[in-house]
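Enquirer: For the sequence shown, this note's numbering begins at 264 and goes up steadily by one.
Ideal Cβ positions, reconstructed from N, Cα and C, are used throughout, including at glycine.
Predicted model, so just to flag it, every value in this text is computed and none were measured.
First the structure, then my questions, so here it is.
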Amino acid sequence: MSSSPFHGDQILKASRENAPPLKEIPGGYGAPFFGAIKDRLDYFYNQGREEFFRHRMRKYDSTVFRVNMPPGPFVASNPKVIVLLDAASFPVLFDTSKVEKRDVLDGTYMPSLDYFGGHRVCAFLDPSEPKHTVLKQFVFSMLVSRHGEIVPLFRNCLSELFIVLEDELASKGKAYFNTLSDKMSFNFVFRLFCDKKPHDASIEAKGSKLFDSWLFFQLAPLMTLGLTKAFNFLEDILLHTFPLPPFLAKSHYQKLYKAFNENATSILDEAEGLGIRRDEACHNLVFVAGFNAYGGMKTTFPALIKWVASGGEKLHRQLANEIRSVVESEGGVTLTALDNMSLTKSVVYEVLRIEPPVPFQYGKAKCDMAVRSHDAAFEIKKGEMIFGYQPFAMRDPRVFDNPEEFVGHRFVGEGERLLKYVYWSNGRETDDPTAGNKQCPGKDLVVLLCRVMLVEIFLRYDTFDVDPGKLPLGSSATFKSLTKAPTSN
Ligand code: HEM
264 MSSSPFHGDQ ILKASRENAP PLKEIPGGYG APFFGAIKDR LDYFYNQGRE
314 EFFRHRMRKY DSTVFRVNMP PGPFVASNPK VIVLLDAASF PVLFDTSKVE
364 KRDVLDGTYM PSLDYFGGHR VCAFLDPSEP KHTVLKQFVF SMLVSRHGEI
414 VPLFRNCLSE LFIVLEDELA SKGKAYFNTL SDKMSFNFVF RLFCDKKPHD
464 ASIEAKGSKL FDSWLFFQLA PLMTLGLTKA FNFLEDILLH TFPLPPFLAK
514 SHYQKLYKAF NENATSILDE AEGLGIRRDE ACHNLVFVAG FNAYGGMKTT
564 FPALIKWVAS GGEKLHRQLA NEIRSVVESE GGVTLTALDN MSLTKSVVYE
614 VLRIEPPVPF QYGKAKCDMA VRSHDAAFEI KKGEMIFGYQ PFAMRDPRVF
664 DNPEEFVGHR FVGEGERLLK YVYWSNGRET DDPTAGNKQC PGKDLVVLLC
714 RVMLVEIFLR YDTFDVDPGK LPLGSSATFK SLTKAPTSN
């Protein structure tokens, strides 16, 4: 391993300069039907997700290979993909002139449109479809018009969260962060998009759970609940073999739709101004709020807490020093202050690198093309499905030193040059989302919210300790202790 943090740049440049010959893509799909089932069982039960990829990467001595991705039969008609596991080949998935992003958000299957009121919402559209431009502009416009409210509103929501967290910790000796974080995220998203709390107070109490069940029904084919071995067969049949019937999630979705339709009047007026029908705008709004924003935060915030806790007291002291001194010199938690916190920024990028909240990306080859890994070039044919697994691409040892380690200061100073290899938003961290690409329009907002969360923690507390855990989607964090800052009340 190189001692320079920038050896990735040099290697990628060198591999671009010496064009390697085209190689046959190793791996395969096995017998029809049975090959897909075997790969699915390996992925969920026999090997587990990480070993599933690692084992094949070793076996084929390649970061690019062919395999079936779950769910396969009978949820997906064609599970065959070409996997990309390194930082050099992965970005082909961002090039929408080469890959088609139509209906590939969940991978090789498309959930029933009944989950979205019968509409193909923005995230399922390819940028070549005219509606993608209009709907993505709608998302940009709602973010721009609420720009000034984001930080104060989020700080407010975090204050409510920390009051409950402290109470739980005092009464029970521990506090499960995920449930509190989910409630906080729902309330933040709802208040941001609706400019107020919901009229119907029960939505505030239950909104996160309603979204959870709606998300579960769509994403069940990609999940394992981590039950004991005896239940594997049953789980595989129930979750991965046939799509769950959407009518089971209908009443939850209708409650959410009604709440947004009644409360988000100004956003829906804006949408009509852009020429989008009000009901289609509202179904898109529910998806953006529930799947994109709430669903993303559901995995991002617990991972942030988990990894920052793992940094220990030394990192916490450094973060607290930086945050408190910048807030004091800037006179508050302003956007400029947040931008001047280089360690805090780096820690957030490092969390998004080591545990990307959305680990999978898919795209269908629009034409015959050559895709390059560090060592070889591979021919991909038009129509083949390409799949990138972000956690491996962003732990590429040819780009990052000690890639498996959480290194809080990795992106400080000169380390910023490595940001172009941070892909969590479905694009490089150095690129911007546009109506013509598929990068997350909430990219800068997400990074900002993570920074604000760290700022709020270290203005209040000196250090904290959590028990980490694994969930069907993402990580969990249970607070075991919180040490208050001397000046915090
Ligand atoms: C922590 C929170 C978030 C995470 C982790 C996240 C992540 C992502 C990722 C990975 C994609 C690309 C999906 C793909 O095509 O493969 C995406 C797309 C998208 N995200 Fe986010 N996102 C978050 C928050 C938000 C927020 C707050 C908004 C809007 C307010 C948003 C709106 C969208 C939309 C509309 C798309 C589809 C973009 C397109 O079709 O061009 N996301 N997000």
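Tell me which residue opens and which closes the alpha helix (DSSP H) that Asp695 is part of.
Expert: Unbroken run through Asp695: none, as it is neither H nor E.
Enquirer: Quick check: what's the CA-CA separation for Ala639 versus Leu348?
Expert: Rounded to the nearest angstrom, the two C-alpha atoms are 13 Å apart.
Enquirer: Touching or not, the stretch 510-528 and the stretch 459-468, by the rule of three or more beta carbon pairs under 8 Å?
Expert: Yes, they touch.
Enquirer: Locate the beta strand (DSSP E) running through Phe742, then write down its first and last residues.
Expert: Run containing Phe742: 738-747, per the beta strand (DSSP E) assignment.
Enquirer: Using 7 Å as the cut-off, classify the Cβ of Lys394 as near or not near the heavy atoms of the ligand HEM, replying yes or no.
Expert: The answer is no for Lys394.
Enquirer: Hey, Tyr807 and Ser448 are a contact pair by Cβ (cut 8 Å); roughly how many whole angstroms apart?
Expert: No answer is possible for residue 807: it lies beyond the span of the chain, which begins at 264 and ends at 752.
Enquirer: For a quick check, are the C-beta atoms of Tyr686 and Phe353 less than 8 Å apart?
Expert: For Tyr686 and Phe353, yes; Cβs fall inside 8 Å.
Enquirer: Return the Cβ separation of Lys747 and Asp728 in integer angstroms, given the expectation that the two are a contact with Cβ distance under 8 Å.
Expert: About 14 Å separates the two Cβ atoms, so there is no contact after all.
Enquirer: Could you check if Gly737 is buried or exposed, using at least 16 other CB atoms within 10 Å of its CB as the buried criterion?
Expert: Gly737 is buried by the Cβ-count criterion.
Enquirer: Can you grab the Cα-Cα spacing for the pair Arg285 / Phe641, in whole Å?
Expert: The question names Arg, but residue 285 is Leu in the sequence shown. Going from the Cα of Leu285 to the Cα of Phe641 covers about 5 Å.
Enquirer: May I have the straight-line CA-CA distance separating Val675 from Leu488, to the nearest angstrom?
Expert: The straight-line gap from Cα to Cα measures roughly 38 Å.
Enquirer: Using only CA atoms, which one of Trp477, Ala493, Leu582 lies nearest to Tyr724?
Expert: The candidate whose alpha carbon is nearest that of Tyr724 is Leu582.
Enquirer: Below 8 Å, how does it come out for the stretch 623-630 and the stretch 354-366: are there three or more Cβ pairs, yes or no?
Expert: As far as the Cβ criterion goes, the stretch 623-630 touches the stretch 354-366, which means the pair count is three or higher.
Enquirer: Quick one: what's got a C-beta closer than 7 Å to Ile530's C-beta in the same chain, skipping five residues either side?
Expert: The answer, listed in chain order, is Met405, Phe456, Leu548.
Enquirer: Leaving aside the five residues before and after Glu392 along the sequence, list all residues of the same chain whose C-beta is less than 8 Å from its C-beta, in chain order.
Expert: Same-chain partners within the cutoff: Arg365.
Enquirer: For the candidate residues Trp477, His382, Met332, whose alpha-carbon lies nearest to that of Ala512?
Expert: Answer by Cα proximity: Trp477.
Enquirer: Secondary structure at Ala493, three-state DSSP: helix, strand or coil?
Expert: Residue state, collapsed to three classes: helix.
Enquirer: Buried or exposed, going by whether 16 or more other CB atoms sit within 10 Å of the CB of Asn689?
Expert: Looking at its Cβ environment, which holds 16 or more other Cβ atoms inside 10 Å, Asn689 is buried.
Enquirer: Measuring from the CB of Thr504, is there a heavy atom of the ligand HEM at a distance below 7 Å?
Expert: Thr504 Cβ: outside cutoff for every heavy atom of the ligand HEM.
Enquirer: To which residues of the same chain is Thr562 closer than 7 Å at the C-beta, ignoring the five residues directly before and after it?
Expert: Excluding sequence neighbours, Thr562 sits near Pro620, Leu736, Gly737.
Enquirer: Is it buried or exposed, Phe387, if we count other Cβ atoms within 10 angstroms and call 16 or more buried?
Expert: Per the 10 Å Cβ criterion, buried.
Enquirer: Does DSSP classify Tyr686 as helix, strand or coil?
Expert: Coil, per DSSP.
Enquirer: For the pair the stretch 647-662 and the stretch 292-309, tell me if three or more CB-CB distances fall below 8 Å.
Expert: The stretch 647-662 is not in contact with the stretch 292-309.
Enquirer: Keeping to the same chain, check which residues put their C-beta closer than 8 Å to that of Ile586; ignore five residues upstream and five downstream.
Expert: Taken in chain order, the residues that qualify are Met604, Thr607, Leu717, Val718, Phe721, Leu722.
Enquirer: In terms of alpha-carbon separation, which member of Arg454, Leu734, Tyr652, Tyr378 lies closest to Glu543?
Expert: Of the candidates Arg454, Leu734, Tyr652, Tyr378, the one whose C-alpha sits nearest the C-alpha of Glu543 is Tyr378.
Enquirer: In or out: Pro666 buried (at least 16 other Cβ within 10 Å) or exposed?
Expert: Buried is the call here.
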